[in-house]
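There are 2 protein chains.
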Amino acid sequence: MPLKYLLPEDQIPRYWYNIIPDLPSPPAPVLHPATFQPVKPEDLAPLFPMPIIEQEMSAQREVPIPEEVRAALARWRPSPLFRAHALEQKIGTRSRIYYKYEGVSPSGSHKPNTAVAQAFYNAQAGVRRLATETGAGQWGSSLAFAGQLFGLAVTVYMVKVSYEQKPYRRSMMRTWGAEVFASPTDLTNAGRGILAKDARSAGSLGIAISEAVEDAVSHEDTKYSLGSVLNHVCLHQTVVGLEAQAQMRLAGEYPDIVIGCHGGGSNFAGIAFPFARDKMNGQQVRLVAAEPTSCPTLTRGVYTYDFGDTAKMTPLMKMYTLGHDFMPPGIHAGGLRYHGASPLVSQLVASGLAEAVAYPQTACFEAALLFSRAEGILPAPESSHAIQAAIVEARRADAEGRERVILFNLSGHGHFDLGAYDQYLAGQLQDFDYPREAVEASMAGLPKVG
Amino acid sequence: MPLKYLLPEDQIPRYWYNIIPDLPSPPAPVLHPATFQPVKPEDLAPLFPMPIIEQEMSAQREVPIPEEVRAALARWRPSPLFRAHALEQKIGTRSRIYYKYEGVSPSGSHKPNTAVAQAFYNAQAGVRRLATETGAGQWGSSLAFAGQLFGLAVTVYMVKVSYEQKPYRRSMMRTWGAEVFASPTDLTNAGRGILAKDARSAGSLGIAISEAVEDAVSHEDTKYSLGSVLNHVCLHQTVVGLEAQAQMRLAGEYPDIVIGCHGGGSNFAGIAFPFARDKMNGQQVRLVAAEPTSCPTLTRGVYTYDFGDTAKMTPLMKMYTLGHDFMPPGIHAGGLRYHGASPLVSQLVASGLAEAVAYPQTACFEAALLFSRAEGILPAPESSHAIQAAIVEARRADAEGRERVILFNLSGHGHFDLGAYDQYLAGQLQDFDYPREAVEASMAGLPKVG
Chain Z
1 MPLKYLLPED QIPRYWYNII PDLPSPPAPV LHPATFQPVK PEDLAPLFPM
51 PIIEQEMSAQ REVPIPEEVR AALARWRPSP LFRAHALEQK IGTRSRIYYK
101 YEGVSPSGSH KPNTAVAQAF YNAQAGVRRL ATETGAGQWG SSLAFAGQLF
151 GLAVTVYMVK VSYEQKPYRR SMMRTWGAEV FASPTDLTNA GRGILAKDAR
201 SAGSLGIAIS EAVEDAVSHE DTKYSLGSVL NHVCLHQTVV GLEAQAQMRL
251 AGEYPDIVIG CHGGGSNFAG IAFPFARDKM NGQQVRLVAA EPTSCPTLTR
301 GVYTYDFGDT AKMTPLMKMY TLGHDFMPPG IHAGGLRYHG ASPLVSQLVA
351 SGLAEAVAYP QTACFEAALL FSRAEGILPA PESSHAIQAA IVEARRADAE
401 GRERVILFNL SGHGHFDLGA YDQYLAGQLQ DFDYPREAVE ASMAGLPKVG
Chain X
1001 MPLKYLLPED QIPRYWYNII PDLPSPPAPV LHPATFQPVK PEDLAPLFPM
1051 PIIEQEMSAQ REVPIPEEVR AALARWRPSP LFRAHALEQK IGTRSRIYYK
1101 YEGVSPSGSH KPNTAVAQAF YNAQAGVRRL ATETGAGQWG SSLAFAGQLF
1151 GLAVTVYMVK VSYEQKPYRR SMMRTWGAEV FASPTDLTNA GRGILAKDAR
1201 SAGSLGIAIS EAVEDAVSHE DTKYSLGSVL NHVCLHQTVV GLEAQAQMRL
1251 AGEYPDIVIG CHGGGSNFAG IAFPFARDKM NGQQVRLVAA EPTSCPTLTR
1301 GVYTYDFGDT AKMTPLMKMY TLGHDFMPPG IHAGGLRYHG ASPLVSQLVA
1351 SGLAEAVAYP QTACFEAALL FSRAEGILPA PESSHAIQAA IVEARRADAE
1401 GRERVILFNL SGHGHFDLGA YDQYLAGQLQ DFDYPREAVE ASMAGLPKVG
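As structure tokens, this is what we get:
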């Protein structure tokens, strides 16, 4: 029984799967933050080059992947799909567990899948520089690498507390030639405004987004780049699920359950959307998004219009949200700490095509440890939520006397998260209950639309 | 033109290549540290299980790899071989550069290739626990992982200064269930002796070896495990070169030059020995070992009998050595800071079958940065010596108007070495001249044999 299912380089997908035309109803329009009217392509032109804007609104089911992007992806794609024999033995399940592994990419997660596409389209449009924000640095390092490949300068506004606490991701960005600033900076009005109020501000993703957006709109040669949430980002990630489908065919299986962890939504979309197409065509398959109980956007949020950022500068999107003022507790899965969700993923969940589960972080670390000792890969804290969901599903099937085929996406490695493992092993990690009061306070600030 | 050459799982080599029977002359005997007489297998029995001792002295050219070991290797093997198109473009060479990438393993280097084999044979022999030493933690984490796979407890004596400065490797070992002590400890006579003299000793690899050996010989259920230098370790690493030969055939090429970085010798042996077999059969190929100028064992050392450790507890081996008292400067390529060398690699160099070059660390970091920006893989400081050698060879060929096929082994990733990249980028890294005085002083302490 093989452990790995590999595809040759010429089987990198030739198109991205766009779920929009297959959805039961058209997506709710994105609204302008000032007028609450649907945004037009030209409203987005200061931020993104036209091919990206077209992809954001495309009705084309299969969007061809440019050969230059496929060549860039070929550095690490097709990524491997593993049968988790050793994990199955360790938990004594009758189910068969498979995982797609995105940690083989340059920055160690699924993020470069969209970073190289975005860098390509921007370079083609004559853009010289990309501005973006990053929390712990996973997205910033992915875009830094992609910028290198296509000759674009990259400026990263990194949340100050991470800039200081996670120097290694910062180093990785600089190794790949990016300019990295601790946000808030004194380089933008947004940053200066924050610093005037609090010179020692530790920053936040919301502030960093504001700085990056301001940088992009105030420089002719510069555009903005985002690593999750938006439709085109989810589109670019579908290479993950398309490859996984081919690899499951190699294994002679079709999954009963497909699992991805969920923060902004691009990782879950990547593995799940191609299977959602099958499901909409009548295939039996459950699609499960796994999120932290401390930031339970899909399981506890409301499906309504909200801003993508704290500063209310982004367009309004219809999505599951905990309210744009919600500040999640400081769990180690930094990539899952987002108040909102991809509108497309939200629509899948709202329509019952996908389901969501939430787990506390210590259970996820326990699952990660079990997985790592069996499979030899140290997972990112974000990815550990998908492992936990897979183990829960396998045990449930065992209890029911059933045998399931479970597929999950291992979105990245945890080589930069060993401090968190240390804390877990020392018994120092705490769980956070559902932060009901904070969510209710934040919900009160939801915009009144329509 | 493909970027990657992949082999399916069933093409993991079925045997290890043992170079001993093909060498122009038999290896010099290993001598007992007390009597200076050739050691017998039973002398080694307190340290190693019999199958390992047999492999250490085997005259069998092709040693079958047990299926259990192949199944363990299948977690990451066959490792990919890449054509470095982007690097070639960046340096503007006419030569074609290929690299084998061992960073895809659980611990991120070639070390698990031998760790899983050693753990398997020990488990089969009824051993319950393995004791070993580690410097920066690369070897310790590899053995921790291998111990998990085969149900062996693993105790690691980690040089105290690394234990304190490199907490992430320590965490990785604990994540994989190993017991890790900062050496010197008060658990062994060797450790207590050191602490009695200097309670604040920062430790050294020599001391940690002494502690691990003492632990093994003083516990019935425990054996010792070493990650480089010895014949059986080099043997286990030949899967690297055997796979690379198959992958170069896929690429339709045969290398003019094969390069590996060199510390204790197991990485160089892994990539080079199978090509050395071809060379001894008449094939034109240059085999180049790349080491740091600050620890120039092969380029400046003498080929003579010496101890493997500072404390003179190990058998004497005929090898290139800078003297067992030599303490190399604190370069970031910790895995290349060893006073000696594999006796088999030494014999290849002494006989002219392989050659050695030495480079200062800043040139290697510059090469690593160039490589990383082109290829998207962040190399370990050790591996950067092989990159530097490959670039030097490509530029030399260009200057001579020739076109070469260059293959090097990228032995590991640098995810735990970003502090070193930070220092390089900040211009804070220094080079060390050849430490002539320290070497001459150390050479004076070489044992007088025969």
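Those protein sequence lines, which keep their order, are chains Z and X. One point on numbering: in my numbering, the residue at position 389 of the first sequence is 389, and numbering is uninterrupted. Heads up, my numbering is the position in the second sequence plus 1000, with the first residue counted as 1. We treat Cβ as the ideally placed atom computed from N, Cα and C, and that holds for glycine. Predicted model only: the values in this text are computed from it and were never measured.
Going by alpha carbons, who is nearest to residue i out of the options?
i	options	result
X/P1520	X/L1044, X/P1021 and X/R1395	There is no way to answer for residue 1520 of chain X, as the model of chain X reaches only from 1001 to 1450.
Z/R373	X/D1022, X/I1331, X/L1023 and X/L1152	X/L1152
X/A1119	X/G1103, X/K1160, X/F1082 and X/Q1148	X/Q1148
Z/I387	Z/A399, Z/Y359, Z/E400 and Z/A244	Z/Y359
X/N1122	X/H1324, X/V1030, X/Q1245 and X/E1220	X/E1220
Z/S204	Z/V405, Z/G334, Z/T175 and Z/E291	Z/G334
Z/G227	Z/H415, Z/G135 and Z/S201	Z/G135
X/G1412	X/E1382, X/A1389 and X/I1406	X/E1382
Z/A59	Z/A84, Z/P66, Z/P27 and Z/T35	Z/P27
Z/S442	Z/M248, Z/G252, Z/M327 and Z/P296	Z/M327
Z/P24	Z/E164, Z/P447, Z/I391 and Z/S351	Z/S351
X/A1380	X/H1324, X/S1210 and X/C1261	X/C1261
Z/W353	Z/Y421, Z/M280 and Z/R337	It should be noted that the sequence gives Leu, not Trp, for residue 353 of chain Z. Measuring from the Cα of Z/L353, the nearest candidate turns out to be Z/M280.
X/K1166	X/L1418, X/A1269 and X/S1225	X/L1418
Z/P8	Z/L81, Z/G265, Z/W139 and Z/N18	Z/L81
Z/S107	Z/A72, Z/M172 and Z/S384	Z/M172
Z/T293	Z/H324, Z/A389, Z/K100 and Z/Q237	Z/A389
Going by DSSP, name the residue or residues bridged to residue i.
i	result
Z/F408	Z/Y99 and Z/I259
Z/A153	Z/R129
X/V1345	None; X/V1345 has no bridge partner.
Z/L316	Z/L31 and Z/F307
Z/Y15	Z/P64
Z/M158	Z/T134 and Z/A182
X/V1449	Bridge partners of X/V1449: none, in fact.
Z/T362	In the DSSP output, where bridge partners are listed per residue, Z/T362 has none listed.
Z/A190	DSSP lists no partner for Z/A190.
Z/F82	Z/K4 and Z/Y99
Z/Y224	Z/A131
Z/P38	Z/L31
Determine the burial state of residue i: buried for a count of at least 16 other Cβ atoms within 10 Å of its Cβ, exposed for fewer.
i	result
Z/K40	exposed
X/K1318	buried
Z/T460	Coverage of chain Z is limited to positions 1 through 450, which leaves residue 460 of chain Z absent and any answer about it impossible.
Z/E403	exposed
Z/T478	Missing from the structure shown is residue 478 of chain Z; chain Z here goes from 1 to 450 and no further.
X/A1444	exposed
Z/V439	buried
X/M1248	buried
Z/P51	buried
X/P1038	exposed
Z/E400	exposed
X/E1437	exposed
X/V1229	buried
Z/Q89	exposed
X/K1448	exposed
X/N1409	buried
Z/N189	exposed
X/Q1428	exposed
Verify the contact flag: residue i, CB atom, against every heavy atom of the ligand SAH, threshold strictly below 7 angstroms.
i	result
Z/D43	What this structure holds is no ligand at all, so the ligand SAH is not there to describe.
Runs of alpha helix (DSSP H) wholly within the region 226-259 of chain Z (minimum 4 residues, chain order): 231-250
Cβ-based contacts, 7 angstroms cut-off: residues of the region 376-396 of chain Z near chain X: G376, I377 and L378
Contact residues within the region 1119-1136 of chain X, judged by C-beta distance below 9 angstroms to chain Z: none
Whole alpha helix (DSSP H) elements within the region 375-422 of chain Z, 4-residue minimum: 381-399
Positions along the region 1170-1182 of chain X whose CB lies within less than 7 angstroms of some CB in chain Z: S1171, M1172, R1174, T1175, W1176 and G1177
Against chain Z: residues of the region 1064-1075 of chain X by CB proximity under 8 angstroms: A1071, A1074 and R1075
Runs of beta strand (DSSP E) lying entirely within the region 1258-1305 of chain X, each at least 3 residues, in chain order: 1286-1292
Chain Z contacts from the region 1097-1122 of chain X (Cβ-Cβ distance under 9 angstroms): V1104, S1105, P1106, S1107, G1108 and P1112
Proximal residues, the region 427-445 of chain Z versus chain X, C-beta separation under 8 angstroms: none
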